[in-house]
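Novice: For the record, in the sequence shown the residue sitting at position 191 is 195 according to this note's numbering, with numbers rising by one throughout. Yeah, the Cβ is synthetic: ideal placement off N, Cα and C, and Gly gets one too. Once you've had a glance at the structure underneath, I'll fire off some questions.
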Amino acid sequence: MQMVILNIYDKSEQGLAMGLAGLVVGMSPAIGPTLTGWILDKSHTILGLTISASWRTMFVIPLIIFVIALILSPFLIKNVLPTKHVKLDVLSLAQSSIGFGLFLIGFTNVASDGWGDWKNVILPIIVGITLIGWFAGRQLHLKQPFLDIRVFKSANFSYTTLAVVLVTMAMYGVEMVLPTYLQNVHGMTPLHSGLTLLPGALLMGFMSPIAGLLYNKVGVKPLALAGFALLGIGTLPFVFINAATPATVITIMYTLRMVGVGLALMPLTTAAMAALPLDKATDGTAANNTARQVSSSVVVAILTSVVQNVTANHMPTHATKLADPLRYAQHACPGSKSPLSLAWSLPLSAYWPWVL
């Protein structure tokens, strides 16, 4: 998508075009949690079809959408760029796939096995990093690299990609933590927690084209600084919330964060791509997307580990629940909040160096 936009739009129009694309992408965090909550709330009947209130339904619906998109794509999507024959480097494909796969598996296993587990955590991470390093070194010696990592020689591309990574980590990290907090500490249903997040997610989507239009006029730096500032300001109060914090306050703080994401994410992505020559844009897009996907997966794994480990140390025992339910409830809320406060403080620490 980014490559198509870079090739069919002038630089003066790329910001708005990327913003409109971000509007579509931004709708997913708006619709996803709310739709999931609606599905799990109760069974529904639409046009004679029963939608079961089951977690399996959450996978069936995207599968149906995928099949429809797969059928329509050959008829609706047209090539707008010239194609060329490129030889697939199988070894590079294997190195990158297995390397990044093992790296992410290791981080994912932290939540269940802990950081000290050699077999399931440390070994996959070490082997993954080794394969990724081998892959990166090999790309520098290929005439036709699988991924031209020389794009990171551009300082502007590297800095803006790093900023994109930080925004992505901040967005996906809290997207994972906040619904859990709302349901465990505030006792919300999945539907209620989804509706609590809906205004912020919608505003993020609508901010993308506005940010794209502003990018064409003022450039990326003011938007990035404003976006990071809003992220920091919107995240800081989450460290101090508790079970008595009104849902309205949480919605306002979350909305402020998401406005910051919408203000910074697409302009930074556009600036990263604009920092490269057009013939390197394909590699730049691949590198940028890889960094975003890997970083979001890593931060979710780390925050999941934080939540599970600290919760296990703070939560009262099951025996306490049976013997004294009131005392269990009094200690359960702080026990659930402790890891979530720490989880929110992690991305918060990454914002301010970019603002200052």
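Cutting at 8 Å between CB atoms, please list the residues of its own chain near Gly41, excluding the five before and the five after it.
Specialist: So the list reads Thr193, Pro194, Leu195, His196, Ser197, Gly198, Leu199, once near-sequence residues are dropped.
Novice: Which of the three DSSP states is assigned to Thr249 in this structure?
Specialist: If DSSP states are grouped into helix, strand and coil, Thr249 belongs with coil.
Novice: Here's the rule I'm using: 16 or more other beta-carbon atoms within 10 Å means buried, otherwise exposed. How should Leu106 be labelled?
Specialist: Under this definition Leu106 is a buried residue.
Novice: Nearest to Val304 by alpha carbon, out of Met175, Ile126, Asp93?
Specialist: Minimum Cα distance to Val304 is reached at Met175.
Novice: Tell me the rounded alpha-carbon separation between Leu240 and Thr259.
Specialist: Near 13 Å, if we compare the C-alpha coordinates of Thr259 and Leu240.
Novice: Less than 8 Å separating the beta-carbons of Thr286 and Pro203?
Specialist: Against a cut-off of 8 Å, the Cβ pair of Pro203 and Thr286 comes out as no contact.
Novice: Taking three-plus beta-carbon pairs below 8 Å as touching, is the region 70 to 81 in contact with the region 228 to 238?
Specialist: No, the region 70 to 81 is not in contact with the region 228 to 238.
Novice: Suppose you measure from the CA of Val169 to the CA of Gly52; what does that come to, to the nearest Å?
Specialist: The straight-line gap from Cα to Cα measures roughly 44 Å.
Novice: Phe242 and Met257 - do their beta-carbons sit closer together than 8 Å?
Specialist: For Met257 and Phe242, yes; Cβs fall inside 8 Å.
Novice: Quick one: what does DSSP say Ile81 is sitting in, helix, strand or coil?
Specialist: In the structure shown, Ile81 sits in coil (DSSP, three-state: anything other than H, G, I, E or B).
Novice: Just to confirm the assignment: which complete alpha helix (DSSP H) runs, minimum length 4, are found wholly within the region 199 to 247?
Specialist: The region 199 to 247 contains these whole alpha helix (DSSP H) runs: 224 to 239.
Novice: In this structure, does DSSP put Thr54 in helix, strand or coil?
Specialist: The answer is strand: DSSP assigns Thr54 an E or B state.
Novice: Give the secondary structure of His145 by DSSP, where H, G and I count as helix, E and B as strand, and everything else as coil.
Specialist: In the structure shown, His145 sits in coil (DSSP, three-state: anything other than H, G, I, E or B).
Novice: Check whether the region 269 to 289 touches the region 89 to 100, taking contact to mean three or more Cβ pairs, one atom from each stretch, closer than 8 Å.
Specialist: With a cut-off of 8 Å, the region 89 to 100 and the region 269 to 289 do not count as touching, because too few Cβ pairs lie within range.
Novice: Let me know the secondary structure DSSP gives His89 once reduced to three states.
Specialist: Coil, per DSSP.
Novice: Using CA atoms only, rank isn't needed, just tell me which of Pro250, Glu179, Asp121, Ile68 is closest to Met208.
Specialist: Here the closest residue by C-alpha is Glu179.
Novice: Mind checking who His48 pairs with in its DSSP beta bridge?
Specialist: In DSSP, His48 forms a bridge with Ile55.
Novice: Can you have a look at Pro250 and say buried or exposed, based on whether 16 or more other CB atoms are within 10 angstroms of its CB?
Specialist: So Pro250 counts as exposed.
Novice: From Leu67 to Leu182, what does the alpha carbon distance come to, in whole angstroms?
Specialist: Cα-Cα distance, rounded: 26 Å.
Novice: Near Thr164, what residues of its chain come up, given a Cβ to Cβ distance below 6 Å and the 5 sequence neighbours on each side ignored?
Specialist: Cβ within range, chain order: Leu272, Ala275, Ala276.
Novice: Between the alpha carbons of Pro149 and Ala140, how many angstroms are there, rounded?
Specialist: About 10 Å.
Novice: Using alpha carbons as the reference points, say which of Pro213, Asn246, Arg142, Ser162 lies closest to Met3.
Specialist: Nothing about residue 3 can be read from this structure; the chain reaches only from 5 to 360.
Novice: Considering only their Cβ atoms, is the gap separating Ala215 from Leu361 smaller than 8 Å?
Specialist: For the chain, the structure presents residues 5 to 360; residue 361 sits outside this window and is missing.
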